[in-house]
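Asks: Below are the structure tokens for one structure; questions will follow.
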Amino acid sequence: MASVTLDAVRKVYPGGTEAVTPTTLTIRDGEFLVLVGPSGCGKSTLLRMIAGLEDITEGELRIGDRIVNDVDPADRDIAMVFQNYALYPHMTVRRNIGYGLRNRGASAGEIARKVDEAAAMLNLRDYLDRKPSQLSGGQRQRIAMGRAIVRDPALFLFDEPLSNLDAKLRGQMRIEIRALQRRLGTTSIYVTHDQVEAMTMADRIVVLNGGRVEQVGTPAEIYHAPASTFVASFMGAPPMNLLTGRFESGAIRLDHGPALRAAPGGRSGPITIGIRPEDVRLGEGDHVFDVDLVEELGAHRLLHGRLGDQHFTAHVLKDMPVREGRQPIALPDAALALFDAQSGQRL
Amino acid sequence: MADMTHDTLAAAGPARPARRRLRLSTIGDHAILIAGALLMVAPLLMLVQMSTVPDAEIMRTGPSLAIGDRLWPNVRAALTESMSFSGRNTGLAMFRNSMILGLGFAVGKIVVAMMAAYAIVYFRLRFATLAFWAIFTTLLLPLEVRIVPSYEITQRLGLLNTWTGLIVPLIASATATFFFRQFFMSVPEELVEAARIDGAGPVKFFVDILVPLSRTMIAAMFIIMFVYGWNQYLWPTMIVTEDDRITLVQGIKQITQGLEGGQIPEYGRSNILAILAVLPPVLVVLFFQRWFVKGLTETDK
Ligand SMILES: Nc1ncnc2c1ncn2[C@@H]1O[C@H](COP(=O)(O)OP(=O)(O)O)[C@@H](O)[C@H]1O
Ligand SMILES: [Mg+2]
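The listed protein sequences correspond, in order, to chains A and B.
All residue numbers for the first sequence refer to this note's numbering, where the first residue is 2 and numbers rise by one.
All residue numbers for the second sequence refer to this note's numbering, where the first residue is 7 and numbers rise by one.
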């Protein structure tokens, strides 16, 4: 078990792409940290630098107290789970899981005992003598997990481990991985592009965009207090409504709409106003929401339409009567998030 | 063949007309296949027939349908009798020599090619691409083109009449290197990375993971290279001047040379040797057939 410290770690690929801008970050001992962001934002690069599979261009990386910039992946005391599992296709499940131990000179008895333990933990006991090709995607993912936990490393690294599974299995494996990590207490860094995975699994989330850290925080902080319009629109499904508006005579006003609330200290000019779809109140207030589509989702419904001339989505619980067409809607002051219209940063 | 017919019929389902049509076309297919097989097998059957009758009769009548009683004496002569005064080039000895050449070529070429491809694909060599293309270009220079310099080097190294001289100068294979390179490049990058994290160094990765993954490819290469080595004629003829390293392919030629000497050549004996020379390649192909097709078509990753 260990903490991980990144000190101004940067990555420039040989071609000149700066995949990760200088990033400073501390992952606490035992924490489950999720790196989330759209495809190509540098999540994998960051993770692979921590794993030692990619050279660090600049900066310092510590696992525990040890600077590991130049340490071989095998000697970093880490284990990694890959998106396509990366199992050795010609080895049985037993040998797949035990391979790392064998390379480290463990005795046959020790390997057998530890493999058995890991297999029991992951419900793989019945499959130990099969080849990976004879197993389902979920089972293969479990083998990859087994290969990671059997060595009892200081750090688990996951690179989109659930992306190849179907939705149902993904939900199930999410819970399994999280429970396993809780039980073992091993520091974990988990990469995903799926914000639901990030929200449900993380102790803390790091949102990346274009090689830069947009925000670090607990799922609740990220969701309720997004640091930028990027975070606001990336996290949450459906995403936060982002409306253009302006400061005008001491108030904040939607474009083509009534005043929302008092503006903080004498500002003027354009602004972006964010509100989560579930924070609106339908059937009251002085805005007009023109609903043109109701999306039925069982426990709740999503109403899509326009507010003024801007796209807007509202989220209402199933007991609420809904209809299409124009209707009043209230945007409570407390739920509004204000962002700089240019930079997208929260004000 | 029987299985295949059965499957096609089963797949055709219960509809009667469809079944009849299918059967007709199946008969056609089989007729063509059988005709082709006969065409291929006929020369071999002729060889067998001719080795059962006395050599003089072959001179008179050529191949016929007559089966004589000379088969066993011919087989014995072919296997155990020497062709020269040294007494060291019996059929069995030549068979052994051919075997050494075939196996030496196959094993040596596969080992060298795999290691070359491994270096090219997995190590950050400064001139890896250049090295690969240099190797690849040698495909344009078959043995016949460079046989004189190759001979000269072998001779100067004092390797004439040795197994080393026979095998080592031809052991580099651009074809095999190319196939292994293509195969290695299709192995997912994550497998290498997972192995690195699992503490497998370059040698362990090669032995524990890459070689087992390549087994179908190795089988395919083994067939090709074994047959190539087994059938070598020109190179052994140049390198070997002593009887005790002569191969079957060379031996057959030596026997029929009797014709030029004015005597009746020992057709029966050389026919048996020819059959003996065909057998191992056929057996190798039969044995590795399943893997061969797999190696060139599927990937097991
Ligand atoms: N080996 C590489 N060489 C050059 N550029 C790369 C390499 N790997 C990734 N990149 C680039 O770096 C950026 C980040 O990639 P990556 O970390 O894989 O993103 P993510 O995992 O978030 O989708 C992308 O723009 C990608 O094109
Ligand atoms: Mg990635």
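Just so you know, even glycine gets a beta-carbon here, dropped at the ideal spot from N, CA and C.
For Val217/B and Phe186/B, I'd like the C-alpha separation in whole angstroms.
Replies: 10 Å
Asks: So, is the C-beta of Ile215/B closer than 8 Å to a C-beta in chain A?
Replies: yes
Asks: Measuring CA to CA, which of Arg254/A, Ala87/A, Leu308/A is closest to Ser269/A?
Replies: When each option's Cα is compared against that of Ser269/A, the closest is Arg254/A.
Asks: May I ask whether a heavy atom of ligand 2 can be found less than 7 Å away from the beta carbon of Asp160/A?
Replies: yes
Asks: Give me the residue from Leu303/A, Ala335/A, Leu308/A with the minimum Cα distance to Pro322/A.
Replies: Leu303/A
Asks: Which runs of the alpha helix (DSSP H), 4 residues or longer, sit entirely within the region 153 to 201 of chain A?
Replies: 168 to 185
Asks: So, does the region 162 to 175 of chain A touch the region 111 to 120 of chain A, judging by three or more C-beta pairs under 8 Å?
Replies: no
Asks: For Ser164/A, is the beta carbon positioned less than 7 Å from some heavy atom of ligand 2?
Replies: no
Asks: Just to confirm, does Lys12/A get its C-beta within under 7 Å of one of the non-hydrogen atoms of ligand 2?
Replies: Not under cutoff, so the answer is no.
Asks: Report yes or no: do three or more beta-carbon pairs, one from the region 187 to 207 of chain A and one from the region 306 to 314 of chain A, lie closer than 8 Å?
Replies: no
Asks: Does the count of Cβ pairs from the region 252 to 263 of chain B and the region 199 to 216 of chain B closer than 8 Å reach three?
Replies: no
Asks: Could one say the Cβ of Leu45/B lies closer than 8 Å to chain E's Cβ atoms, at least one of them?
Replies: Note that chain E does not occur in the displayed structure, where the protein chains are A and B.
Asks: Mapping the DSSP letters down to three states, classify Met236/A as helix, strand or coil.
Replies: coil
Asks: So, does the CB of Phe159/A fall closer than 8 Å to a CB anywhere in chain B?
Replies: Judged by the 8 Å Cβ criterion, Phe159/A is not in contact with chain B.
Asks: For chain B, find out if any of its Cβ atoms is closer than 8 Å to the Cβ of Phe83/A; answer yes or no.
Replies: Closer than 8 Å to some Cβ of chain B, the Cβ of Phe83/A qualifies, so yes.
Asks: Measure the alpha-carbon distance for Pro227/A versus Thr18/A and round it to whole angstroms.
Replies: Per the coordinates, the alpha-carbon of Pro227/A lies some 28 Å from the alpha-carbon of Thr18/A.
Asks: Please determine, among Arg94/B, Pro271/B, Arg76/B, Leu240/B, the residue with the shortest C-alpha to C-alpha distance to Arg152/B.
Replies: Leu240/B
Asks: Hey, which unbroken runs of the beta strand (DSSP E) at 3 residues or more fall wholly within the region 290 to 321 of chain A?
Replies: 301 to 308, 311 to 318
Asks: When the Cβ atoms of the region 192 to 199 of chain B are set against those of the region 73 to 90 of chain B, are three or more pairs found closer than 8 Å?
Replies: no
Asks: For the beta strand (DSSP E) holding Thr24/A, just list the boundary residues, first then last.
Replies: 19 to 28
Asks: Relative to the alpha-carbon of Arg184/A, which residue among Ile150/A, Gly211/A, Ala75/A, Pro162/A has its alpha-carbon at the smallest distance?
Replies: Ile150/A
Asks: Count the C-beta pairs between the region 12 to 26 of chain A and the region 58 to 72 of chain A that are closer than 8 Å, then say yes if the count reaches three, no if not.
Replies: Yes, since at least three Cβ pairs between the region 12 to 26 of chain A and the region 58 to 72 of chain A fall closer than 8 Å, the two stretches touch.
Asks: Examine ligand 1 and report whether any of its heavy atoms sits within less than 7 Å of the Cβ of Thr243/B.
Replies: No; taking the cut-off as 7 Å, the Cβ of Thr243/B has no heavy atom of ligand 1 nearer than that.
Asks: For a contact meaning CB atoms closer than 7 Å, what does Gly101/A contact in chain B?
Replies: Asp204, Gly205
Asks: Mark Pro278/A as exposed unless 16 or more other C-beta atoms lie within 10 angstroms of its C-beta, in which case mark it buried.
Replies: buried
Asks: Verify the CB distance criterion: does Tyr89/A have a CB-CB separation below 8 Å to chain B?
Replies: yes
Asks: Going straight from the alpha carbon of Thr11/B to that of Thr32/B, what length do you get?
Replies: Confidence at Thr11/B is low in this model, with a pLDDT of 40, below 50, so its placement is unreliable and no value can be given for it.
Asks: Looking only at C-alpha atoms, which of Lys169/A, Arg131/A, Asp117/A, Val72/A sits nearest to Arg152/A?
Replies: Asp117/A
Asks: What is the residue span of the alpha helix (DSSP H) that Phe111/B lies within?
Replies: 97 to 128
Asks: Taking the straight line between their C-alpha atoms, what separation do you get for Gly147/A and Gly38/A?
Replies: 27 Å
Asks: Give me the subset of the region 37 to 65 of chain A whose CB atoms are less than 9 Å from a CB atom of chain B, sorted by chain position.
Replies: Going along the region 37 to 65 of chain A in chain order, one finds Arg49, Ala52, Gly53, Leu54 with a Cβ nearer than 9 Å to chain B.
Asks: Short of 8 Å Cβ to Cβ, which residues in the region 185 to 205 of chain B face chain A?
Replies: Within the region 185 to 205 of chain B, the residues whose Cβ lies closer than 8 Å to some Cβ of chain A are Pro194, Glu196, Leu197, Glu199, Ala200, Ala201, Arg202, Ile203, Asp204, Gly205, listed in chain order.
Asks: Nearest chain A C-beta to Lys210/B closer than 8 Å, yes or no?
Replies: By this cut-off, Lys210/B is an interface position.
Asks: By DSSP, does Ala338/A sit in helix, in strand, or in coil?
Replies: strand
Asks: By how many angstroms is the C-alpha of Met46/B removed from the C-alpha of Ala119/B?
Replies: 33 Å
Asks: With a 10 Å radius around its C-beta and 16 neighbouring C-beta atoms as the bar for buried, classify Phe129/B as buried or exposed.
Replies: exposed
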